[in-house]
Amino acid sequence: MNPVHFPESQRAPQVISIFLHPFVMVILTFGIVLFSSQPVSSWTWIYFGIIIISTVLLPFIQVVWMKKKGKTASLDIPERERRSIPFIQGVLNYFLALVALWFFEAPKPILILMWVYLFNTLIAIIITYYWKVSVHGMAIGGPVACLGYLISPYIYWFLLLLPLITYSRVSLKAHTPMQVITGFVLGFVLTLIQFKMMMPL
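Numbers 530 to 730, taken from the numbering used here, label the letters of the sequence shown in order.
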């Protein structure tokens, strides 16, 4: 396989986009919440396996299939009209994972977080019918709200990632500034509201 080469002007934005990719953020967020909410046991790894399969492995397989079939130009699915199907599949994945995690008595913060991903994706589906909101933005805003609420308010300082991800996505011509900012704000606000409602501290 030939190595992927990016134009010099896109190298930094591409690296930022990869490190702040939704798949990376979901692993970090669930991992931090899961391993900080209970002593590590065999069940912890079962929960983490369910999470990885539903939020990373299955979605990744789907977008790779779409790319190979020529249904999208890249793994980010830049075409707004092509995003609905993987989003809907994502909602189904999250629902099945939520049922499995509930059945196996996963910690409450994990159940709420999986619900948040399900609900926020439903909102993204509705918006996508009319406008291309940034999933990268939502995938950063949501985790910052979750971890800031559950772990430490100092994590809210990561809101400063907004200019960085905006620069990245706009430089790559993947989104407009407003699409990234809207996604980020939506992810943050929706996540914080849901955690405050379902798990008041």
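A virtual CB, placed ideally from N, CA and C, is assigned to each residue, including glycine.
Quantities reported herein were computed from a predicted structural model and do not represent experimental measurements.
Residue from the options with nearest C-alpha to residue i
{"i": "Pro672", "options": "Lys661, Pro729, Phe713", "result": "Phe713"}
{"i": "Gln543", "options": "Arg698, Leu647, Gly619", "result": "Arg698"}
{"i": "Tyr576", "options": "Cys675, Tyr678, Leu640", "result": "Leu640"}
{"i": "Leu587", "options": "Lys702, Ile617, Trp686, Pro607", "result": "Ile617"}
{"i": "Lys725", "options": "Trp594, Lys598, Val645, Met707", "result": "Val645"}
{"i": "Thr705", "options": "Val664, Met643, Leu621", "result": "Val664"}
{"i": "Tyr647", "options": "Ile580, Phe564, Lys597, Ala541", "result": "For the sequence presented, residue 647 should be read as Leu rather than Tyr. Nearest of Ile580, Phe564, Lys597, Ala541 to Leu647, Cα basis: Ile580."}
{"i": "Leu693", "options": "Gly670, Phe564, Pro636", "result": "Gly670"}
{"i": "Leu715", "options": "Leu701, Ile655, Met728, Ser700", "result": "Ile655"}
{"i": "Val620", "options": "Val585, Met728, Ser603, Glu610", "result": "Val585"}
{"i": "Met667", "options": "Leu688, Phe589, Glu634, Leu701", "result": "Leu688"}
{"i": "Val613", "options": "Phe633, Ile582, Val662", "result": "Before going further, note that residue 613 is Ser rather than Val in the sequence given. Nearest option by C-alpha distance: Val662."}
{"i": "Gly560", "options": "Ile680, Ala653, Leu690", "result": "Ile680"}
{"i": "Ser571", "options": "Trp594, Val592, Phe633", "result": "Phe633"}
{"i": "Ser546", "options": "Leu701, Pro568, Trp686, Pro636", "result": "Leu701"}
{"i": "Phe589", "options": "Val569, Val553, Pro729", "result": "Val553"}
Helix, strand or coil at residue i according to DSSP, with G and I counted as helix
{"i": "Thr601", "result": "coil"}
{"i": "Phe577", "result": "helix"}
{"i": "Val628", "result": "helix"}
{"i": "Lys596", "result": "helix"}
{"i": "Ile606", "result": "coil"}
{"i": "Val544", "result": "helix"}
{"i": "Trp660", "result": "coil"}
{"i": "Met530", "result": "Per-residue confidence for Met530 stands at a pLDDT of 41, beneath the threshold of 50, marking its modelled position as unreliable; the derived number appears in the next sentence. The answer is coil: DSSP assigns Met530 none of H, G, I, E or B."}
{"i": "Val569", "result": "coil"}
{"i": "Leu730", "result": "coil"}
{"i": "Phe633", "result": "coil"}
{"i": "Arg612", "result": "coil"}
Segment limits, alpha helix (DSSP H) that includes residue i
{"i": "His665", "result": "664-679"}
{"i": "Tyr696", "result": "690-700"}
{"i": "Leu715", "result": "706-727"}
{"i": "Thr657", "result": "637-657"}
{"i": "Leu557", "result": "551-566"}
Any non-hydrogen atom of the ligand FMN within 6 angstroms of residue i CB
{"i": "Arg540", "result": "Although the ligand FMN was asked about, the structure shown includes no ligands whatsoever."}
Supposed contact pair residue j and residue i - C-beta distance, whole angstroms, cut 8 angstroms
{"i": "Cys675", "j": "Thr573", "result": "18 angstroms between Cβ atoms; not a contact."}
{"i": "Pro607", "j": "Ala703", "result": "6 angstroms"}
{"i": "Tyr623", "j": "Thr650", "result": "7 angstroms"}
{"i": "Val593", "j": "Pro615", "result": "Actually they are not in contact, since the Cβ atoms of Val593 and Pro615 sit about 11 angstroms apart, beyond 8 angstroms."}
Beta-carbon spacing of residue i, residue j below 7 angstroms
{"i": "Val709", "j": "Thr695", "result": "yes"}
{"i": "Ala626", "j": "Met643", "result": "yes"}
{"i": "Ser566", "j": "Pro638", "result": "yes"}
{"i": "Arg611", "j": "Thr601", "result": "yes"}
{"i": "Leu604", "j": "Lys598", "result": "no"}
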